[in-house]
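Down below is the structure, laid out as structure tokens.
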Amino acid sequence: MSEQQLFKVTIDNITIEVPAGTTILNAARQIGGEVAPPAMCYYSKLAGSGGKCRTCLVEVSKGSEKDPRPMPKLVASCRTTVMDGMEVKNITSEKVVDARAGVVEFLLLNHPLDCPICDQAGECHLQDLSYEHGKEGTRYEFQRRTFKKHDIGPYIQLHMTRCILCYRCVFTADQLTSKREHGVLDRGDHAEIATFIEKSLDNEFIGNVIDVCPVGALTDKTFRFKNRVWFLKPVEAHRDCPTCSGKVTLWNRGDEVYRVTARKDQWGEVEEWICNTCRFEKKQTSDWVIEGPRLVDRHSVISQGHYAGSVGMHKPAETFAAVNDGRSPKLMMDIHDVSKVNRNEITLSLINGPAHSTNFNSTKD
Ligand code: SF4
Ligand code: FES
Numbered sequence: 001m002s003e004q005q006l007f008k009v010t011i012d013n014i015t016i017e018v019p020a021g022t023t024i025l026n027a028a029r030q031i032g033g034e035v036a037p038p039a040m041c042y043y044s045k046l047a048g049s050g051g052k053c054r055t056c057l058v059e060v061s062k063g064s065e066k067d068p069r070p071m072p073k074l075v076a077s078c079r080t081t082v083m084d085g086m087e088v089k090n091i092t093s094e095k096v097v098d099a100r101a102g103v104v105e106f107l108l109l110n111h112p113l114d115c116p117i118c119d120q121a122g123e124c125h126l127q128d129l130s131y132e133h134g135k136e137g138t139r140y141e142f143q144r145r146t147f148k149k150h151d152i153g154p155y156i157q158l159h160m161t162r163c164i165l166c167y168r169c170v171f172t173a174d175q176l177t178s179k180r181e182h183g184v185l186d187r188g189d190h191a192e193i194a195t196f197i198e199k200s201l202d203n204e205f206i207g208n209v210i211d212v213c214p215v216g217a218l219t220d221k222t223f224r225f226k227n228r229v230w231f232l233k234p235v236e237a238h239r240d241c242p243t244c245s246g247k248v249t250l251w252n253r254g255d256e257v258y259r260v261t262a263r264k265d266q267w268g269e270v271e272e273w274i275c276n277t278c279r280f281e282k283k284q285t286s287d288w289v290i291e292g293p294r295l296v297d298r299h300s301v302i303s304q305g306h307y308a309g310s311v312g313m314h315k316p317a318e319t320f321a322a323v324n325d326g327r328s329p330k331l332m333m334d335i336h337d338v339s340k341v342n343r344n345e346i347t348l349s350l351i352n353g354p355a356h357s358t359n360f361n362s363t364k365d
């Protein structure tokens, strides 16, 4: 059998060899770092994904060795395969950076800027992308799209106004579950994720749509409004699960398990799909065998408060008391013996479903 053909491709002045048929995006991921374009809709584990969001645009300044003409327009790197001798510009192209900023602004056109109350804040790819491109504000003056609310069951909250129609959740339901019950209904400006007849999504693997959603359109009802992700400590844990691999990330605060998610790789993609039982029903530390802290990108807001917990990091010396007349830094560090946030008799992580205002201490107290 002949050996697989290798193509030489240069991305942002770095040359690598990849098998024929590799997309520019995947070639760039092999180089890694900033050279890899952002991807809001492509998902390597979902067949057919990509080509929807346009955040992965790149400039092809040389088509190939045989035909060196540049491609006339920017191309979606997740859908364009490399050619031998191709030269690509990602962050080294002003055109790309400018176009990407425009794409982000378009994605934010109808997206509510409600990060302060969105459960996805701190781990939202759109939030990161908008800040990276200086597009966290808005120039849009018209009324944003609104949708009729759809209840899609006890576990998953759909916030259609935040959806960017990346189709990842549709592919997930198609490829992971035996029956897809939701999809994109209508077209153009009216397109929305919904079920045709009000239905709950209750397949055993449907919880994975929460993990693949790049924004806060699909969130975990059992975690809703209970904590900010950057206050939680991600740890790797596993259990003997008859349905899935049982390998998860627990999001803990103290001894409490607030949320269970799949483990995600450096591209924000799920490493192994997990079942609903692991995700929604196992919220006791005793349900799990804890392996150790989950390595979090140090640029992520999630790693900011976790000096001691983050792998390879050392807790800096605490100087607050010394410079503040010996007063303890508890309030500043948000560490309390007794919670001042939620009512003492309530364990937020164990509430069945979302937390409500009645679960928290009122400001009058
Ligand atoms: S709900 Fe999330 S995953 Fe589904 S299409 Fe919208 S943005 Fe994509
Ligand atoms: S990631 Fe390529 S178009 Fe969305």
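Counting from 1, one number per residue, gives the positions in the sequence shown under UniProt numbering.
The C-beta atom is built at its ideal place from N, Cα and C for all residues, glycine as well.
Everything numeric in this text was worked out from a predicted model, so none of it was measured.
Along the length of the region 128-161, whole beta strand (DSSP E) runs at least 3 residues long occupy 156-158, reported in chain order. No heavy atom of ligand 1 is found nearer than 8 Å to the CB of residue 46. A contact is defined here as three or more CB-CB pairs under 8 Å, and the region 129-141 fails this definition with respect to the region 161-176. Here residue 246 is not near residue 206, since their CB atoms are 9 Å or more apart. CA-to-CA, the gap between residue 40 and residue 324 works out to about 46 Å. Rounded to the nearest whole angstrom, the C-alpha separation of residue 163 and residue 255 is 33 Å. Sixteen is the threshold: when 16 or more other Cβ atoms of the shown chains lie within 10 Å of the Cβ of residue 36, as they do, the residue is buried. Counting only residues of its own chain and dropping the five nearest sequence neighbours on each side, residue 95 has a CB closer than 6 Å to the CB of 59. When C-alpha distances from residue 215 are compared across 235, 321, 299 and 53, the shortest belongs to 53. Cβ contact annotation for residue 104 (same chain, cutoff 6 Å, sequence separation greater than five): 129, 130, 133 and 135, in chain order.
The beta carbons of residue 276 and residue 204 sit closer together than 9 Å.
Following the DSSP letters along the chain, one finds residue 194 inside the beta strand (DSSP E) bounded by residues 192-194. A residue is listed when its beta-carbon falls short of 6 Å from at least one non-hydrogen atom of ligand 2; in chain order these are 39, 40, 41, 42, 50, 51, 52, 53, 54, 55, 56, 76 and 78.
In the three-state DSSP reduction, residue 106 falls in the helix class (H, G or I). The alpha-carbon separation between residue 235 and residue 119 amounts to approximately 19 Å. In the structure shown, residue 81 adopts extended strand secondary structure according to DSSP, grouped into three states. Counting only the Cα atoms, residue 342 lies some 50 Å from residue 74. The beta carbon of residue 355 sits no closer than 8 Å to any heavy atom of ligand 1.
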